[in-house]
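Peer 1: Protein chains in written order, with this note's numbering: chain A, 1 to 694; chain B, 1001 to 1298; chain C, 2001 to 2314. Mind looking over this structure? Questions follow.
Written as structure tokens, this is what we have:
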């Protein structure tokens, strides 16, 4: 392939994609332009419904059957992709365009070995004859030691991080001109994500592959990309080099997105989130003018009637807003209003009991012993998911609980609520010990202790209306009659910023954010003292997440409720929580007031977690090499410090063999479980979180 | 049908939900959206009508022998002809419809009722109850349905009520299994945990939180079971261990007529066609029901 | 894998044991006295008592059960009430005949059904699919005795190609018996065909939606190879289970088919036993059929485990 032909990279012009037949079928993508030059990495950012995945699939010529390109041009190195027939497409897919998909496991065939599937990428017709040495070299290049073992494995035998590395190897084996990555780190732990991003960064640097990186995460994109395109409701709203986009966003939507993301170092008190009101329009009911106008704080009359053109706003910058100059000059603010609330912090009397204390909580899951095991005299195995957890949630405050998957966060929440009773230890609610099993607790305890799950379609019964779901706690727990309960439901819906007519809706008529508001409302219905949130804002779009976080903050002030807030997202926890606890393999590694935990001395695990959080700031490079390896199975927890196997600051045998002591600061509130003395940690470590003033 | 499950479903509908009438209209709309299920549903309705008003439709009694009209070909006097004993085939087919609905439908209803309750309660509770119940059901399922039916009828002796109970015994485990598979996938859902956290009682959780999710799969399974039950009743009749002569059972009529197929082919063709048509229509309707409930779930 | 195997075998043994209890318990429900059935109305009380003792009916039910089970395991299956013949040679001979018919049916039905299911799935919602789906729905609705009688009409009476009566004498070789076997096998095939084809279609369709299919396509693998190398490998795994389950269906079907064609298999013997209220014969036939069904399921499980790395390696 000649150098000039490669010169052009990917070019998309005026692309429109519709789902369904006919000229009036809803268009998921409208008139979108996109360029990715060889060697360039372009981020495609947008919330759900933005059309980013549709655009990526259209570029791959792999739209689902219902989708079709209805106008526009896609070319790669000057070759028209839309004109290609099946045979030409196969050639394209074999050698020139590759995809790294979002979910690696279902994207691999469960019945074939990884080696076979890699070989197929090299030699699609005769995988048996593929060059094994090239495969091994590539596995090595994506950081998989022992390529022979990986090749012989089946996909399900690999960890999530390994699976994604295999998918990347599979894509790179074809030496593509264009690599499309569709949210490749979305379902991975933050440390694994950091490692994969590090890998991709290294692989892309210096190569002449064009990379299109699709993501909902502004942080990931800022760390990886040269240029970013922002999509909204199927249209391109802004395109800019990455540092310019973050430093000086021009489109109000970009401004709103950036204002919605919780940043490490900014908390709810010093920088409240400014969510974007309303929701993304459905392609079937687009507004007549600018698609963003209904949600835009800077919209004027003309915005609502005429579609803005995509204008050049400087070298390499495009923006689709008629007021971008005013915004750039500071004449008009594109920022959403900050939520107003009284700044008064709740006073808690010193003698008051904590809302919740956990004392020495243990949870064992017995592994089932079959008949043969009994005959052979095998002991019943037990997986220890929680190994002596001590925690305190202060009254009217939020304790944030962070940790990777497998750390035991959810197990702890389910033990508190009594769904999966703890095996040992005590929970006290306002100083009163709790019965372990939910079914044995009396109504008053049930009323005072509630939980909100991860936002998902499972949280609400699809067969019951919102009103029927919310009415129950009033009738059942508070003993109100039907009419009074309905009145309270209406008030409750308003308090979570929904209207009273939502009571008549069924869950499938709600958006993800609305569903989560209803589950929050359900938790607050019985006026509880303590609410557990288990990943309750995860998986939501950032603007939706922001408004929910603000809502939780507001409700806490109003109702004086205490929160145990569980999340894998350190930035979210740091934003909301007054206190933070870091959990690893069923043990609290570090805990204390948020400000103390986020500043040195850190537990080395906290330090690694903080370093792995993708910063939404292209000027801040990744602080240090990402954590090696993966969380060990709870089946075989190391005898000494559970973190010793991955710890970059490991001292030696003492870490591996002896359980570390817990050290406390002068206030008696900041605890670290580590062999390294506090002052030594303080000397070794740099602050990873800069307190940012607004 | 008044099963405990059915009662729960009826009261579970909160006023905010679309009225049952609208739901039924939607379902009918879906059933009539495709020609195959439309034909199936219509034919099933006609058969039901036949079962209800059959005896008034029939010009003769089902066992009435018109000795002067033996072995008559179909014609104006006898639409489906007469058999060699002089019985009017049309009258026998039409009155036989009621029996097949009573036996196959009744057996299925019992199986659905017991299977639903057993599946719902034991698999929600888990533990030993579930273990024992399903071990027993697995044992019943280790015997092919017809073999189990033959064994039971061979010992009990053939009678109409035995046929009904045999169907119930053969199909209860299958219904229970279907219910269980749905319950197992639903009971770990967060909305069920949420109900527990609100302090709801087990009966409430069973009937209001879990049962509504089971109903679509249960409806399809019930329709399918009904079609197999028709099959089973007819096969038992044909083998001579089900409904006994001189009752106008369709399978039995085929068996009686097969020796005289040269003489009176119509006395074999019409009952055979009735069985096939009924089973095919129930299958088509069940297929449509499955599609309709799947699209509704989206 | 070994553990899996042992567990399956143990499970099979338990199922058969429980079923044997059930079979025995059911036959205890029989109203009336077996001795009376054998000897007839005129028999005197002394003769009845003597026969009861000979048959062991005077002992307690658990003892009778253990005796019966022990006899069954050691090959002493007792004598038929009706004919006084030893049961075991009779049942094993008939079992051979039934297996012969079942084998022929499976040989034709399974490959054909898989093919139809795959064709329907690949052409989903287009005419081949509609044709196969509606066709199989229609065939599923035809009871074996109807299809059997239709086939007899067509091939025996109208065309005269094949015999209507399949009552082959004992000891006939497979090839010699083939003309008699064709019509019964064809009848049994039709129903099984429809059932397996429908489930195969569903299974292939489900696999076609999976993301790994897109991965393979985007590697540039040809459509045919995607189907053969990727989809079928996974789609046919559930088909194994389906075939095993439909084996139970086949047993039910064969009972009817054997009676339609007067074929000397277990099913024909079963109706014969029922007519004569021949309890020991009924018990033995049922238990033999149950064991055959359970073995078919075991083979399917093992085949599945061998082909699915997720089970094989765990």
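Note that the Cβ used here is the ideal one computed from N, Cα and C, for glycine as well.
Are residue 1065 of chain B and residue 1158 of chain B closer than 7 Å when you measure CB to CB?
Peer 2: Here residue 1065 of chain B is taken as the residue at index 65 of the second chain, counted from 1. Here residue 1158 of chain B is taken as the residue at index 158 of the second chain, counted from 1. No, they are not a contact pair.
Peer 1: Would you mind telling me which residues of chain B sit closer than 7 Å to residue 472 of chain A, beta carbon to beta carbon, in chain order?
Peer 2: In the first chain, the residue the question calls residue 472 of chain A occupies position 472. Going along chain B in sequence order, the residues near residue 472 of chain A (Cβ under 7 Å) are 1198.
Peer 1: Return the residue from the list B/1096, B/1036, B/1042 and B/1086 that minimises the CA-CA distance to residue 1052 of chain B.
Peer 2: Start at 1 with the first residue of the second chain, and residue 1052 of chain B comes out as number 52. Looking at the Cα atoms, B/1096 is the closest of the given residues.
Peer 1: Would you check if the stretch 2200-2219 of chain C and the stretch 2116-2128 of chain C touch, i.e. whether three or more CB-CB distances between them fall below 8 Å?
Peer 2: Taking 8 Å as the limit for Cβ pairs, the verdict is that the stretch 2200-2219 of chain C does touch the stretch 2116-2128 of chain C.
Peer 1: Pairing CB atoms from the stretch 355-369 of chain A with CB atoms from the stretch 401-417 of chain A, are three or more of them under 8 Å?
Peer 2: Taking 8 Å as the limit for Cβ pairs, the verdict is that the stretch 401-417 of chain A does touch the stretch 355-369 of chain A.
Peer 1: So, are the CB atoms of residue 48 of chain A and residue 457 of chain A less than 7 Å apart?
Peer 2: Here residue 48 of chain A is taken as the residue at index 48 of the first chain, counted from 1. Here residue 457 of chain A is taken as the residue at index 457 of the first chain, counted from 1. Not closer than 7 Å, so no.
Peer 1: List the residues of chain B that residue 566 of chain A touches, going by C-beta distances under 8 Å, in chain order.
Peer 2: The count along the first chain starts at 1 and reaches residue 566 of chain A at position 566. Those within 8 Å of residue 566 of chain A in chain B number zero; the least Cβ separation is about 14 Å.
Peer 1: So, with DSSP's three-state summary, where would you put residue 643 of chain A?
Peer 2: Translated into positions along the first chain, residue 643 of chain A becomes position 643. Correct three-state label for residue 643 of chain A: coil.
Peer 1: So, is the C-beta of residue 443 of chain A closer than 7 Å to a C-beta in chain B?
Peer 2: Within the first chain, numbered from 1, the residue matching residue 443 of chain A stands at position 443. Yes, its Cβ sits closer than 7 Å to a Cβ of chain B.
Peer 1: With respect to the alpha helix (DSSP H) encompassing residue 1213 of chain B, which residues constitute its N-terminal and C-terminal limits?
Peer 2: In the second chain, counting from the first residue as 1, residue 1213 of chain B sits at position 213. Per DSSP, residue 1213 of chain B belongs to the alpha helix (DSSP H) from 1211-1239.
Peer 1: Considering only their Cβ atoms, is the gap separating residue 1031 of chain B from residue 1242 of chain B smaller than 7 Å?
Peer 2: Start at 1 with the first residue of the second chain, and residue 1242 of chain B comes out as number 242. Start at 1 with the first residue of the second chain, and residue 1031 of chain B comes out as number 31. Not in contact: residue 1242 of chain B and residue 1031 of chain B (Cβ atoms no closer than 7 Å).
Peer 1: Using a cut-off of 7 Å between C-beta atoms, extract the partners of residue 2140 of chain C located in chain B.
Peer 2: Sequence index remark: in the third chain, residue 2140 of chain C carries index 140 (1-based). Result: 1283.
Peer 1: Here's the rule I'm using: 16 or more other beta-carbon atoms within 10 Å means buried, otherwise exposed. How should residue 451 of chain A be labelled?
Peer 2: Against the first chain, residue 451 of chain A aligns to sequence position 451. By the neighbour-count rule (16 or more Cβ atoms within 10 Å), residue 451 of chain A is buried.
Peer 1: Runs of 3 residues minimum, wholly inside the stretch 1127-1200 of chain B: which ones carry the beta strand (DSSP E) assignment?
Peer 2: Segments of the beta strand (DSSP E) lying fully in the stretch 1127-1200 of chain B: there are none.
Peer 1: Check distances from the C-beta atoms of the stretch 1209-1235 of chain B to those of chain A and list, in chain order, the residues that come in under 8 Å.
Peer 2: Taking 8 Å as the Cβ-Cβ cut-off against chain A, the residues of the stretch 1209-1235 of chain B that qualify are 1209, 1212 and 1213.
Peer 1: Can you check DSSP and say which residues form a bridge with residue 384 of chain A?
Peer 2: As a working note, residue 384 of chain A is residue 384 in the first chain. The partner list for residue 384 of chain A (beta bridge, DSSP) reads A/364.
Peer 1: Am I right that residue 525 of chain A and residue 492 of chain A are in contact with their C-beta atoms under 8 Å? What's the rounded C-beta distance?
Peer 2: Position 525 of the first chain, counted from the first residue, corresponds to residue 525 of chain A. Position 492 of the first chain, counted from the first residue, corresponds to residue 492 of chain A. So it is a contact: roughly 6 Å between Cβ atoms.
Peer 1: What three-state label does DSSP hand residue 1001 of chain B in the structure shown?
Peer 2: On the second chain, position 1 is the one that residue 1001 of chain B refers to. Note that residue 1001 of chain B has pLDDT 35, beneath the 50 cutoff, so the model's placement of it is unreliable and no number is given.
Peer 1: Using a beta-carbon distance cut-off of less than 9 Å, what residues from the stretch 70-96 of chain A approach chain C?
Peer 2: The stretch 70-96 of chain A vs chain C, Cβ under 9 Å: 86, 89, 90, 91, 92, 93, 94 and 95.
Peer 1: For the alpha helix (DSSP H) holding residue 655 of chain A, just list the boundary residues, first then last.
Peer 2: Here residue 655 of chain A is taken as the residue at index 655 of the first chain, counted from 1. It spans 653-657 - the alpha helix (DSSP H) in which residue 655 of chain A sits, taken as one unbroken run.
Peer 1: Just by C-beta distance, which residues in the stretch 210-231 of chain A are closer than 8 Å to chain C?
Peer 2: Within the stretch 210-231 of chain A, no residue qualifies.
Peer 1: If we cut at 7 Å on Cβ distances, does residue 19 of chain A have a partner in chain C?
Peer 2: For this step, residue 19 of chain A is matched to residue 19 along the first chain. Judged by the 7 Å Cβ criterion, residue 19 of chain A is not in contact with chain C.
Peer 1: Can you check DSSP and say which residues form a bridge with residue 24 of chain A?
Peer 2: Residue mapping note: residue 24 of chain A aligns to position 24 of the first chain, counting from 1. Its beta-bridge partners do not exist; DSSP assigns none.
Peer 1: Roughly how many whole angstroms lie between the Cα atoms of residue 553 of chain A and residue 92 of chain A?
Peer 2: Residue mapping note: residue 553 of chain A aligns to position 553 of the first chain, counting from 1. Residue mapping note: residue 92 of chain A aligns to position 92 of the first chain, counting from 1. Roughly 51 Å separates the two Cα atoms.
Peer 1: Would residue 4 of chain A be called buried (16 or more neighbouring beta carbons within 10 Å of its own) or exposed?
Peer 2: Indexing the first chain from 1 puts residue 4 of chain A at position 4. At residue 4 of chain A the pLDDT is 43, less than 50, meaning the model places this residue with poor confidence and gives no usable figure here.
Peer 1: Can you name, in chain order, every residue of its own chain whose Cβ lies under 8 Å from the Cβ of residue 107 of chain A, other than the five neighbours on each side?
Peer 2: Locating residue 107 of chain A in the first chain gives position 107, counting from the first residue. 101 and 167.
Peer 1: CB residue 543 of chain A to CB residue 260 of chain A, shorter than 7 Å?
Peer 2: Stepping through the first chain from its first residue, residue 543 of chain A is reached at position 543. Stepping through the first chain from its first residue, residue 260 of chain A is reached at position 260. Contact flag set, yes.
Peer 1: Just by C-beta distance, which residues in the stretch 2153-2173 of chain C are closer than 7 Å to chain A?
Peer 2: Those would be none; no residue qualifies.
Peer 1: Give the straight-line distance between the Cα atoms of residue 602 of chain A and residue 582 of chain A, rounded to the nearest whole angstrom.
Peer 2: The residue you call residue 602 of chain A lines up with position 602 of the first chain. The residue you call residue 582 of chain A lines up with position 582 of the first chain. Between residue 602 of chain A and residue 582 of chain A, the C-alpha separation is close to 11 Å.
Peer 1: Which residues in the same chain as residue 693 of chain A place their Cβ atom closer than 8 Å to its Cβ, once the five residues preceding and following it in sequence are excluded?
Peer 2: Residue mapping note: residue 693 of chain A aligns to position 693 of the first chain, counting from 1. Confidence at residue 693 of chain A is low in this model, with a pLDDT of 43, below 50, so the placement of that residue is unreliable and no value is reported for it.
Peer 1: Between which two residues does the alpha helix (DSSP H) harbouring residue 241 of chain A extend?
Peer 2: To locate residue 241 of chain A, count along the first chain from 1; it is residue 241. Run containing residue 241 of chain A: none in the alpha helix (DSSP H); it sits in the beta strand (DSSP E), 235-241.
Peer 1: Are the beta-carbon atoms of residue 594 of chain A and residue 577 of chain A separated by less than 7 Å?
Peer 2: As a working note, residue 594 of chain A is residue 594 in the first chain. As a working note, residue 577 of chain A is residue 577 in the first chain. Their beta carbons are under 7 Å apart, which means residue 594 of chain A touches residue 577 of chain A by this criterion.
Peer 1: Determine the closest residue to residue 518 of chain A out of A/528, A/539, A/490 and A/538, with distance taken between C-alpha atoms.
Peer 2: Taking the first residue of the first chain as position 1, residue 518 of chain A is located at position 518. Of A/528, A/539, A/490 and A/538, the residue nearest in Cα terms is A/490.
Peer 1: Contact defined as beta carbons within less than 8 Å: I believe residue 224 of chain A pairs with residue 197 of chain A. What is the distance between those atoms, to the nearest angstrom?
Peer 2: By 1-based counting over the first chain, the position of residue 224 of chain A is 224. By 1-based counting over the first chain, the position of residue 197 of chain A is 197. About 6 Å; that satisfies the 8 Å criterion.
Peer 1: Does the Cβ of residue 2158 of chain C have 16 or more other Cβ atoms within 10 Å, making it buried, or fewer, making it exposed?
Peer 2: In the third chain, residue 2158 of chain C corresponds to position 158, counting from 1. Burial call: exposed.
Peer 1: What separation, rounded to the nearest whole angstrom, lies between the Cα atoms of residue 682 of chain A and residue 124 of chain A?
Peer 2: To locate residue 682 of chain A, count along the first chain from 1; it is residue 682. To locate residue 124 of chain A, count along the first chain from 1; it is residue 124. So the two alpha carbons sit approximately 55 Å from each other.
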